[in-house]
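Numbering (this note's numbering), first residue to last: 9 to 343.
Idealized CB from N, CA, C, for every residue including glycine.
Inspection log for the structure reproduced underneath, given as structure tokens.
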């Protein structure tokens, strides 16, 4: 399901505050010489306070703070050219932030790698333990298409019209849909690099996560895997919606990928980067914090009333572990 982050972060505000969160933006000159522009090697995109705080707690990111118009907080950077920003939740906030970064006069991001790093909803699959991390091979849209109640009053979905916005001659290729942003395939070379870089990382686990794993009868050992993430702004839970998510991913990737996690920002990130010719510079790394169906014996309505079951702290910690391993590999290659 799409992770209920607003509920999560309100209970986690005591985790720590970032001292420079409320710095006033600086004025920029109309033109900045190319030599004076900052060229980040990596920009990590986080969505909401706990994801942001997982990075800002590291003293290395107190090296520099950049006030970029359009961002909700300053972008913070270490001395190696790795920066972190908080985009806000959802596709729109993500798109506004990434556009602001790409178009800012003080930045040159032509060679920057953008990494979305955060938590996600997962699936009740045997090997998908809570705290597992997916390096996503596809980013897929949940919103477009037709979501409706069938004549039997069941949740149903059908794809958008093939010829609506497809590039001429590419009607069945959903990555070539030029306006609806239905599907993006992650750069295979970048994906393979990330998978190799994280092959030997040691993920954390927790008693809380193991208990939830047993409740859902799934593995209790988190691991790093490759999957497809589906992006949308609504919160959902249940087998019917899970089946629709599986159908959407299967349709848009022509069976190449399987649905493994849900989030709220990735499509906004990569759609903007694609518009500026930078889609090949993007990675999506997501830690699994919850499961998209109710636990056995519970109904969807009961979950909405009582709240979902989360291992969010573990999921974020493991997403950071994997992201840091990937960044280390990138920096080593750039040296």
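Check your understanding: Taking just the CA atoms, how far does residue 230 sit from residue 216?
Key -> Start at 1 with the first residue of the chain shown, and residue 216 comes out as number 208. Start at 1 with the first residue of the chain shown, and residue 230 comes out as number 222. Going by the C-alpha atoms only, they are around 13 Å apart.
Check your understanding: Just curious, the alpha helix (DSSP H) that residue 250 is in, first and last residue?
Key -> On the chain shown, position 242 is the one that residue 250 refers to. Taken as a continuous stretch (DSSP letters only), the alpha helix (DSSP H) holding residue 250 covers 247-260.
Review point. With 16 as the cutoff for other CB atoms within 10 Å, does residue 204 come out buried or exposed?
Key: Counting from one through the chain shown, the residue named residue 204 turns up at place 196. It counts as exposed.
Check your understanding: Hey, residue 125 and residue 211 are a contact pair by Cβ (cut 8 Å); roughly how many whole angstroms apart?
Key -> To locate residue 125, count along the chain shown from 1; it is residue 117. To locate residue 211, count along the chain shown from 1; it is residue 203. Their Cβ separation, rounded to whole angstroms, is 14 Å, which puts residue 125 and residue 211 out of contact at 8 Å.
**Study point:** Run of the alpha helix (DSSP H) containing residue 186, from where it starts to where it stops
**Key:** Here the question's residue 186 lines up with position 178 in the chain shown. Unbroken run through residue 186: none, as it is neither H nor E.
**Study point:** Residue from 59, 270 and 130 whose Cα sits closest to the Cα of residue 95
**Key:** By one-based count along the chain shown, residue 95 stands at place 87. Minimum Cα distance to residue 95 is reached at 59.
Check your understanding: Below 8 Å, can you find three or more Cβ-Cβ pairs linking the segment 126-138 to the segment 321-336?
Key -> yes
Review point. Is the CB-CB distance between residue 202 and residue 238 below 8 Å?
Key: Residue numbering aside, residue 202 sits at position 194 when the chain shown is read from its first letter. Residue numbering aside, residue 238 sits at position 230 when the chain shown is read from its first letter. Cβ distance not < 8 Å, so residue 202 and residue 238 don't count as in contact.
Practice item. From the DSSP output, read off the bridge partner residues of residue 237. Key: Position 229 of the chain shown, counted from the first residue, corresponds to residue 237. Bridge partners of residue 237: 147 and 269.
Check your understanding: What separation, rounded to the nearest whole angstrom, lies between the Cα atoms of residue 116 and residue 57?
Key -> Taking the chain shown and counting its residues from 1, one reaches residue 116 at position 108. Taking the chain shown and counting its residues from 1, one reaches residue 57 at position 49. Distance between the alpha carbons of residue 116 and residue 57 is about 26 Å.
Check your understanding: Going by Cα to Cα distance, which pick from 118, 65 and 224 is closest to residue 316?
Key -> Here residue 316 refers to the residue found at position 308 of the chain shown. Comparing Cα-Cα distances from residue 316 to each of 118, 65 and 224, the minimum goes to 224.
Exercise for review: Starting from the N-terminal side, write out each stretch of the beta strand (DSSP E) that is 3 residues or longer and does not extend beyond the segment 152-177.
Suggested key: 154-157 and 163-166
Check your understanding: Does the distance from the C-beta atom of residue 252 to that of residue 191 stay below 8 Å?
Key -> Translated into the one-based positions of the chain shown, residue 252 becomes position 244. Translated into the one-based positions of the chain shown, residue 191 becomes position 183. No.
Check your understanding: Pick from 110, 86 and 80: whose alpha carbon is nearest that of residue 97?
Key -> Residue mapping note: residue 97 aligns to position 89 of the chain shown, counting from 1. Selected option, being the one with the closest Cα: 80.
Check your understanding: What number of angstroms, rounded off, separates the C-alpha of residue 334 from the C-alpha of residue 235?
Key -> To locate residue 334, count along the chain shown from 1; it is residue 326. To locate residue 235, count along the chain shown from 1; it is residue 227. For residue 334 and residue 235, the distance between alpha carbons rounds to 17 Å.
Exercise for review: Say whether the segment 266-273 touches the segment 165-185, bearing in mind that this needs 3 or more beta-carbon pairs closer than 8 Å, one atom from each stretch.
Suggested key: no
Review point. Nearest to residue 109 by alpha carbon, out of 339, 248, 131 and 84?
Key: Residue 109 sits at position 101 when you count from the first residue of the chain shown. Residue 109 has its Cα closest to that of 84, out of 339, 248, 131 and 84.
Practice item. Can you tell me which of 273, 139, 232 and 184 puts its alpha carbon nearest to the alpha carbon of residue 150? Key: Along the chain shown, read from residue 1 onward, the residue named residue 150 stands at position 142. Nearest option by C-alpha distance: 273.
Review point. What is the C-beta distance between residue 288 and residue 195, in whole angstroms, given that I count them as a contact (C-beta under 8 Å)?
Key: Within the chain shown, residue 288 is the residue found at index 280, counting from 1. Within the chain shown, residue 195 is the residue found at index 187, counting from 1. At roughly 4 Å, the Cβ-Cβ gap stays under 8 Å, so residue 288 and residue 195 are in contact.
Review point. Short check: CB of residue 120 to CB of residue 50, under 8 Å?
Key: Within the chain shown, numbered from 1, the residue matching residue 120 stands at position 112. Within the chain shown, numbered from 1, the residue matching residue 50 stands at position 42. Contact flag set, yes.
Practice item. Out of 45, 227, 88 and 44, point me to the one whose CA is closest to residue 353's CA. Key: Absent from the model: residue 353. The displayed extent of the chain is 9 to 343, so no value can be given.
Point to revise | Three-state secondary structure assigned by DSSP to residue 122 | key: As a first step, residue 122 must be located in the chain shown, where it is residue number 114. Strand at residue 122.
Check your understanding: The alpha helix (DSSP H) with residue 92 in it runs from where to where?
Key -> Indexing the chain shown from 1 puts residue 92 at position 84. Note, residue 92: premise wrong, no alpha helix (DSSP H); beta strand (DSSP E) at 90-94.
**Study point:** Sub-8 Å separation of residue 299 and residue 132 beta-carbons
**Key:** Here residue 299 refers to the residue found at position 291 of the chain shown. Here residue 132 refers to the residue found at position 124 of the chain shown. Yes, the Cβ-Cβ distance between residue 299 and residue 132 is below 8 Å.
Point to revise | residue 309, buried or exposed, once every other Cβ within 10 Å from all chains shown has been counted against 16 | key: The residue given as residue 309 occupies position 301 in the chain shown. Counting Cβ neighbours within 10 Å, residue 309 comes out exposed, since fewer than 16 surround it.
Exercise for review: Assign residue 47 to one of three DSSP states: helix, strand, or coil.
Suggested key: Start at 1 with the first residue of the chain shown, and residue 47 comes out as number 39. Three-state DSSP puts residue 47 in coil, outside helix and strand.
Review point. Would DSSP call residue 298 helix, strand or coil?
Key: Looking up residue 298 in the chain shown gives position 290. In this structure, residue 298 counts as strand in the three-state DSSP scheme.
Practice item. With DSSP collapsed to three states, give me the class of residue 202. Key: Along the chain shown, one-based indexing puts residue 202 at 194. Helix, per DSSP.
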